[in-house]
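Following the numbering used here, the numbering of the sequence shown begins with 902 at its first residue and continues without gaps.
Ideal Cβ placement from N, Cα and C applies to all residues, glycine included.
It should be emphasised that the depicted structure is a prediction, and the values quoted were computed from it without experimental measurement.
Here's the structure, in structure tokens; my notes come after.
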Amino acid sequence: MSEPTKKGLEGTVVAESRTSLVNGQDGKLVYDGYSIETLAENASFEEVAFLLWNERLPNRAELNNLVQVIAYEATLPEGLLAQLKSYPKNADPMAVLRTAVSALAMFDHDSEDNSQEANRRKAIRLTGQITTICAAWDRIRKGNEPIIPRKDLTLAQNFIYMLTGKDPDQTASAAVDTYLVLLAEHGMNASTFATRVTVATGSDMHSGIVSGIGTLKGPSHGGANAEAMHMFLEIGEPENVETWFKKNIKEGDRRIMGIGHRIYKALDPRAAILEQRAEALAKSSGNEKWFQIAKKLADTARADSYFIERKLYPNVDYYSAILLYTINLDVDMFPPLFAMSRVAGWTAHIIEQFANNRLIRPDLNYIGPMGLQWVPVDQR
Ligand SMILES: CC(C)(COP(=O)(O)OP(=O)(O)OC[C@H]1O[C@@H](n2cnc3c(N)ncnc32)[C@H](O)[C@@H]1OP(=O)(O)O)[C@@H](O)C(=O)NCCC(=O)NCCS
């Protein structure tokens, strides 16, 4: 007798992990013992990455060292830069990132070494390099020369510096750092699962990260932040929210992008933090329109019985779209920013998977016919 199929593997536990706890009923998120609220208030992205890779917070010397090593490792090989310059300028940045990380493996002397030491080195290197690829691609496609990362900057500061070529703006760097902290890790999400499936075959970290990027790209996962912003842009003005909601959601069959979650049946705690940060940033920038549209749409959905019954609340992508748009990032760069952060979680999971590995190989229920007679090709 076969097991009933769990569509989308809902409710299936596939690993034991120290990395994070996602409590969807109460809307709680914990990275290795620390609540996301505590980390958002106090931690830098590098502190969070250290925590995920080492299961403890760094001391001052360890943190300073990690910031410097990430910045040092973030420089791209010349051969990869040459490749980036050869890609079509209209390529999707996530497709570029996926291809570039795959190519990076061939420039990395550790790429086929799956030891814990090599995987820790690769985790640091990939974290730096992915940020540089994102910034370099945005410059290359706009006809500008890519910029080499500076050794004296944090990853968030380096990203802004490598995008603009100017001393990093503190407001923009702080917004990116907050975003990186909040998105770094999130249980057995689809892209993390994909990375674990890939490396559980004995494949390598770069292959796992390529799987993760390809999986993150979809609009049901990391592509949702860009889709949410396209939706806010389509709405255009706060006074259009109700008409748009009626036409597209109540009478149409569209979804509100950035709302709903497989696990959270309460408000995503990251969305609560991002709502506050996006509001503050919008006020200080003098352009509150996009925040007002997002807020009004969220309030409209919150008061609607369809959304209430299904427990659909804003997720992390909803207000992060406003945050990233307010610091003038191109909308198609939002998903790569997600990857810049989540690489910390993916690599932590890969290290964990290798430490206690078994091939991940689920089953299916066959629903096809049986016993068919072979018909020669010319008689079909
Ligand atoms: C995230 C998401 C893919 C979760 O999917 P899931 O767990 O498989 O949930 P389902 O697609 O089965 O949705 C459950 C119900 O809620 C509805 N629903 C889910 N998200 C919705 C949304 N954003 N807007 C409107 N309705 C939505 C579905 O239509 C479905 O209704 P039904 O029971 O009448 O069929 C889904 O909520 C979604 O598409 N959200 C928008 C994209 C997004 O923000 N993704 C980022 C996630 S971090």
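- In this chain, residue 1278 is not harboured by any beta strand (DSSP E), its DSSP state being neither H nor E.
- Note that the C-beta distance between residue 937 and residue 1215 is not below 8 Å.
- Relative to ligand 1, the nearest heavy atom lies less than 7 Å away from the CB of residue 1125.
- Setting aside the 5 residues that flank it on each side, residue 1255 is surrounded in the same chain by 1015, 1017, 1020 and 1100, each with a C-beta closer than 8 Å to its C-beta; the list follows chain order.
- Excluding sequence positions up to five before and after residue 1145, its CB lies within less than 7 Å of the CB of 1136, all in the same chain and listed in chain order.
- In the DSSP assignment, residue 924 falls within the unbroken beta strand (DSSP E) covering 921–924.
- Residue 932: member of the beta strand (DSSP E) spanning 929–932, first to last residue.
- Contact between the stretch 1076–1087 and the stretch 1053–1067 is established, with three or more Cβ pairs separated by less than 8 Å.
- In the three-state scheme derived from DSSP, where H, G and I count as helix and E and B as strand, residue 1209 is classed as helix.
- Within the stretch 970–1056, the complete alpha helix (DSSP H) runs of at least 4 residues fall at 979–987, 994–1005 and 1017–1042.
- The closest CA to that of residue 1160, considering only 1043, 1141, 1122 and 1086, is found on 1122.
- When beta bridges are read from the DSSP output, residue 1215 appears opposite 1160.
- At the C-beta level, residue 912 and residue 1165 stay beyond 8 Å of one another.
- Taken through DSSP and simplified to helix, strand or coil, residue 935 comes out as strand.
- Burial of residue 1085 is indicated by the presence of at least 16 other C-beta atoms within 10 angstroms of its C-beta.
- In the same chain as residue 1239, and ignoring 5 residues on each side of it, the C-beta atoms closer than 7 Å to its own belong to 1084, 1117, 1123 and 1126, in chain order.
- Relative to ligand 1, residue 1218 has its C-beta within less than 7 Å of a heavy atom.
- Straight-line spacing of the CA atoms in residue 979 and residue 1188 works out to 40 Å.
- In this model, residue 989 and residue 995 are separated by some 13 Å (Cα to Cα).
- Per the Cβ contact rule, the stretch 1225–1244 is in contact with the stretch 1184–1199 (3 or more Cβ pairs under 8 Å).
- Excluding its 5 nearest sequence neighbours in each direction, residue 919 has C-beta neighbours in its own chain below 8 Å: 933, 956 and 1253, listed in chain order.
- Of the candidates 1202, 1237 and 1107, 1107 places its Cα closest to the Cα of residue 1011.
- Here residue 976 is not near residue 1041, since their CB atoms are 8 Å or more apart.
- In this structure, the beta-carbon distance from residue 1139 to residue 1194 falls below 8 Å.
- The straight-line gap separating the alpha-carbon atoms of residue 1261 and residue 1120 is approximately 25 Å.
- Taking the C-beta atoms as reference points, residue 1008 is found no nearer than 8 Å to residue 1027.
- Taking 8 Å as the cut-off, the beta carbon of residue 963 is found no closer than this to the beta carbon of residue 1105.
- Set against 7 Å, the gap from the CB of residue 1139 to the closest heavy atom of ligand 1 is not smaller.
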